[in-house]
Amino acid sequence: MSDEVFRAVARELGDGFPPENVLYPVNARLRASYPDGLTIADIIDVFLDDNAVGVRTALTSRLRQWDAESVETWVGATVPQSPERRARIYDLLGLPVDAHAEMDAHFPREGGPVVIAAQQPWDPWYTSERRREHDFYWRAYKRVLADKNWDEATIGKLDIATTEVVHRLADPTRPEPCQSKGLVVGYVQSGKTANFSGVVAKAIDAGYRLVIVLTGTIEILRSQTQRRLDMELVGRQNISAGVDDDYANDEDWRNGNFLEHEIDPNKTNEIPAIRRLTTSTFDYKSLLAGLSALHFETVDHSLPLNDPKNLYPSNIRIAVVKKNVSSLKKLVADLKKVPTELDQIPALIIDDEADQASVNTIDPKKMKTEQIERTAINGQIAEILGLLKRAQYIGYTATPFANVFVDPEDSVNVFPSDFIVSLERPGPYMGGADFHDLDDVEDDDKTPVNSNEKAYVRDLRAECDEDRSAEQLRALDSFVLTGAIKLFRESKGAKPYRHHTMLVHESVKQAEHDAVANDFKALWKSAGYSQAKSLARLDKLWAEDFAVVSAARGSELPNPESFVELEEFIGAAYDKISEGTSPVIVVNGAAEKDYKQDSLDFQERGVWKILVGGTKLSRGFTVEGLTITYYTRRTGQADTLMQMGRWFGFRPGYRDLVRLFIGRTVGGPAGTDYDMYKAFEAIVRDEQEFRNELTRFSGVNEKGEPWVTPRDVPPMVFQQLPWLRPTARNKMFNADLVYRGMGGESFSFTMQPPRGDGSINARHFEAVTPLLKSLDETGSFNFVDKDDVSRSFTARYGIVPAHVVLEAVDQFEWANGWDFGPHREALSIAIESGLLEDFAVLLPYPKTREPIEIKGWHEKLPIVNRKRQEREYRTGFTGTAVRERDAIEHIAGSPKKNGGPLTGALHRKTRGALILVFANDPAPRQLKRAQAGPVDSRDFATLFSYALPHAAEPLGRIGFRMKQSGTGAIVDAN
308 MSDEVFRAVA RELGDGFPPE NVLYPVNARL RASYPDGLTI ADIIDVFLDD
358 NAVGVRTALT SRLRQWDAES VETWVGATVP QSPERRARIY DLLGLPVDAH
408 AEMDAHFPRE GGPVVIAAQQ PWDPWYTSER RREHDFYWRA YKRVLADKNW
458 DEATIGKLDI ATTEVVHRLA DPTRPEPCQS KGLVVGYVQS GKTANFSGVV
508 AKAIDAGYRL VIVLTGTIEI LRSQTQRRLD MELVGRQNIS AGVDDDYAND
558 EDWRNGNFLE HEIDPNKTNE IPAIRRLTTS TFDYKSLLAG LSALHFETVD
608 HSLPLNDPKN LYPSNIRIAV VKKNVSSLKK LVADLKKVPT ELDQIPALII
658 DDEADQASVN TIDPKKMKTE QIERTAINGQ IAEILGLLKR AQYIGYTATP
708 FANVFVDPED SVNVFPSDFI VSLERPGPYM GGADFHDLDD VEDDDKTPVN
758 SNEKAYVRDL RAECDEDRSA EQLRALDSFV LTGAIKLFRE SKGAKPYRHH
808 TMLVHESVKQ AEHDAVANDF KALWKSAGYS QAKSLARLDK LWAEDFAVVS
858 AARGSELPNP ESFVELEEFI GAAYDKISEG TSPVIVVNGA AEKDYKQDSL
908 DFQERGVWKI LVGGTKLSRG FTVEGLTITY YTRRTGQADT LMQMGRWFGF
958 RPGYRDLVRL FIGRTVGGPA GTDYDMYKAF EAIVRDEQEF RNELTRFSGV
1008 NEKGEPWVTP RDVPPMVFQQ LPWLRPTARN KMFNADLVYR GMGGESFSFT
1058 MQPPRGDGSI NARHFEAVTP LLKSLDETGS FNFVDKDDVS RSFTARYGIV
1108 PAHVVLEAVD QFEWANGWDF GPHREALSIA IESGLLEDFA VLLPYPKTRE
1158 PIEIKGWHEK LPIVNRKRQE REYRTGFTGT AVRERDAIEH IAGSPKKNGG
1208 PLTGALHRKT RGALILVFAN DPAPRQLKRA QAGPVDSRDF ATLFSYALPH
1258 AAEPLGRIGF RMKQSGTGAI VDAN
């Protein structure tokens, strides 16, 4: 096909328009060159032609938008991101059914954010037409992202995610004021600011005229957020129109890196300008005589501000305020004096780090009469929401547990009663899963190729001061060496590394920060980096660690062939880190005058430093260029611990160099040691399971009703570690989860109590002996590994009546904080209704381990290694037979899985499937004895996964019982 055809087709794939028959307008454009016209087959050929780059790019973008669309009438009854939606799109484009499969293969559905939402009391308003009419600030923000080298796909996904949020807000022009409250859940250091910046851009385009961004509780974070919004959204013209000159010394301001709008909003009536109420150097102050800054302009005084005639020409006010009682009180006081009627002002409140300080932590049971008592900051937020009847509240957090435990009956609280949006994990992001081996790689088999732990994690197990100094020196050597590698890469054409940092986080106490900083300063002086004596040590570290990991992890950037190539850069790295007063900067709440050191300012200059601190270097604050982390602090709250994971984030050009030095034996109360790496792994798993539950039950059922609403989310939160609470206090759940059934999808039941004396293990083994006696066949089953390679395993198997399986699992004991009841309810109801008659039970036999003799049992059985935490505080195991689940899901009827011919033969409509696994669990942990046998049943755990028949619950179902007084019925979320 010719370029003319390509251009004609691309023109019909315009941004923001619905899918329509593409053949007729294309032929109209090409009438002169192609009088006989093209056929629909020709159009499909163009879509699939690798040379039609413009067409494929445009079509990919449009399909992404159309797959996600949720308010336009053309979608009919189809659900976003579903096969039915894609088929609907193809039909509207005029593509025949026989072309759909090939189109799907070339343009697969990408998915999108997960949404849990209540039904909204208004008609859809944020339509594509509305978005096209007012998009000045969103288009400007997209240009900024493109200039930062965001690719089209990443910007497109942000477009979808931000639209998903904005269309759940109330229409700012509606006659009656209405509030919407939601929560956006991201990942720690994963770009939440980019998302809420996009939401702010779209919201002010849509008509919101007062934007309040609540940041964390420290000024360093507020200032960082203010600058980010100023640089990427507010823009030079709007900043220059104000009276403040806060960026006079800013390197990016001087170099022209702040957004320059295509049209100066201050010189046209067509585009509203943005007026800043705060600056990068000043939090909110009482306006006093300048109160007119909050007086909104109107064109027609006979109409309210929210009328479109007045609203769109009116300028925007934006305030970035830290969650400080004094600052918030000043804002509340000024709002009460605003001459514009408050119920006419469409306001958007963005609450960054929404689980910190915003939540009311006063126990409702202790409140007097019907009066709601509040913590100070929550009280101010509640007052703002009470004053601004058109205020929309959106909380942003990576640790949402505190927010979903808020009392939903408190009408002016911050419970996300209208929606929860769980953002996708960004592709280049380095998060919790990248530092842990969630696929259960055997310890003996771990290498930097297959193990994240081997690649990126270094243990801290010091038992004396001498050992501690050695560990600190290794971390410090790693910091200098990685700095040298970065400079080597720059010399080979890599983009300059403006920042290179090391984070030391051992305590929240300021006095201890001083001591730690002094330790590292002394170590820096004695390490000898400016002398030849350090080279042998760094050469060994390079050869044993960084050369191996960089080779294994396939760095896209050049690496030295030998240490000799790095030597010249060691001194250069040392010099950059030594510049200024000291190589160490203490970052905490103390006054800067208390320290003789350089200021920490990532904006004004490049930072190559060792940062020692606590709270200031956790919540929300981005530590730029972070490469080496030294972490030994313990906390008893999962959300606090996760927020300390500053080593999560984007590491462009140095992902392979990142190292986490983490305490494995951190002292705690009563002389107990805590493994902080395992603690992080536990909450990473808990968080992933929480997100998986949101994904499973997002969307709507066949009746078009939500499967679950935000009120139903708290029971989905699971806590693996008894000492590590999800959040800071024991809040009452809003509902009890009482039923959970997913047909054709396996679930691993690994949440067992601590081993104790092994008697629980013995009882569990005794419970499954009736199942073992039924395993009278041996066969081969298939699974697809993580590299999409088909593999096989051998297992004994047999058919067991469903009631026998139920009797067996009823004898199992479970960890505190985890309830088997909802699963049992689904199992029991399926049996009673005749939808579940029996189970195919599989016992996989590992290829590399021989079965072991079991005391008191007549035959040898396979025993494998599965991770149980090494100490009593850990509950359960990390998995059962992860790779073998394809087989049981196929037997149970899942249309998505293929476990091979035998699984197909075993499938029955009323048959479930179960995998048994026996895992080493001796005390003390003597694996050699367990490998040789004979083994006592107290010294291994019985684990299982099962899948209900797909036909029993083809769509999945969960049920809740609300805790409000007077209600006892199950709220069915089918």
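Residues 308 to 1281, numbered by our numbering, are exactly what the sequence shown covers, in order.
Just so it is clear, CB atoms sit at the ideal spot from N, CA and C, and this is done for glycine as well.
Backbone secondary structure at residue i - three-state DSSP
| i | result |
| --- | --- |
| Q486 | coil |
| S530 | helix |
| I525 | coil |
| R844 | helix |
| M737 | strand |
| A1109 | helix |
| A769 | coil |
| K629 | strand |
| G1048 | strand |
| R369 | helix |
| I969 | strand |
| Q817 | helix |
| G800 | coil |
| A317 | helix |
Residue i versus residue j - alpha carbon distance
| i | j | result |
| --- | --- | --- |
| A317 | V362 | 5 Å |
| L842 | E874 | 8 Å |
| T500 | V811 | 25 Å |
| S633 | L594 | 14 Å |
| L864 | T524 | 39 Å |
| K673 | I691 | Bear in mind that a pLDDT of 48 at K673, under 50, signals an unreliable position, so the number given afterwards is only what the model happens to contain. Straight-line Cα distance between these residues: approximately 24 Å. |
| I263 | T704 | No answer is possible for residue 263: the residues shown for the chain start at 308 and end at 1281. |
| Y448 | K509 | 10 Å |
| Q1026 | A782 | Caution is warranted here: a pLDDT of 49 is assigned to Q1026, below 50, making its placement in the model unreliable, and no coordinate value can be reported. |
| I462 | R446 | 11 Å |
| A1133 | E988 | 29 Å |
| D1126 | M1058 | 9 Å |
| G498 | K488 | 21 Å |
| E778 | F827 | 11 Å |
| S309 | D352 | 12 Å |
| D405 | A375 | 24 Å |
| S530 | N685 | 21 Å |
| F759 | P1153 | According to the sequence as given, residue 759 is Asn; it is not Phe. About 23 Å. |
Identity of the residues DSSP links to residue i by a beta bridge
| i | result |
| --- | --- |
| A812 | Residue identity differs from the one stated: residue 812 is His in this sequence, not Ala. In DSSP, H812 forms a bridge with Y938. |
| G1086 | A1102 |
| K916 | T808 |
| S1252 | S1055 and I1222 |
| P1151 | A1102 |
| L933 | T808 |
| N1227 | F1247 |
| V1242 | I1161 |
| F354 | Paired residues: none, contrary to the question. |
For residue j and residue i, believed in contact at Cβ under 8 Å, the rounded distance
| i | j | result |
| --- | --- | --- |
| G1050 | G1206 | Not quite, the Cβ-Cβ distance comes to about 16 Å (not below 8 Å), so this is no contact. |
| D1228 | R992 | Going by Cβ atoms, the distance from D1228 to R992 rounds to 19 Å, so no, they are not a contact pair. |
| I657 | V507 | 7 Å |
| Q427 | R475 | 7 Å |
| G1211 | P1256 | Actually they are not in contact, since the Cβ atoms of G1211 and P1256 sit about 15 Å apart, beyond 8 Å. |
| L655 | R624 | Their Cβ separation, rounded to whole angstroms, is 11 Å, which puts L655 and R624 out of contact at 8 Å. |
| G956 | Q496 | 4 Å |
> Contact between the segment 966-976 and the segment 747-767: three or more CB pairs below 8 Å?
Replying inline: Short answer: they touch.
> Is it a yes or a no for the segment 1069-1079 touching the segment 1242-1262, going by three-plus beta-carbon pairs under 8 Å?
Replying inline: They touch, by the three-pair rule.
> Just checking, does the segment 641-661 make contact with the segment 610-621 on the three C-beta pairs under 8 Å criterion?
Replying inline: yes
> On the three-pair Cβ rule with 8 Å, is the segment 795-809 touching the segment 845-855?
Replying inline: no
> Three or more beta-carbon pairs under 8 Å between the segment 1158-1172 and the segment 1115-1122, yes or no?
Replying inline: no
>> Would you call the segment 540-549 in contact with the segment 559-571, where contact means no fewer than 3 C-beta pairs closer than 8 Å?
In response: yes
>> Could you check whether the segment 1076-1092 touches the segment 1101-1110, counting it as contact only if at least three pairs of C-beta atoms, one from each stretch, sit closer than 8 Å?
In response: yes
> Is there contact here, the segment 464-478 with the segment 397-414, by at least three beta-carbon pairs under 8 Å?
Replying inline: They do not touch, by the three-pair rule.
>> Whether or not the segment 723-743 and the segment 1142-1155 are in contact is what I'm after, with contact meaning three or more pairs of Cβ atoms, one per stretch, closer than 8 Å; do they touch?
In response: no
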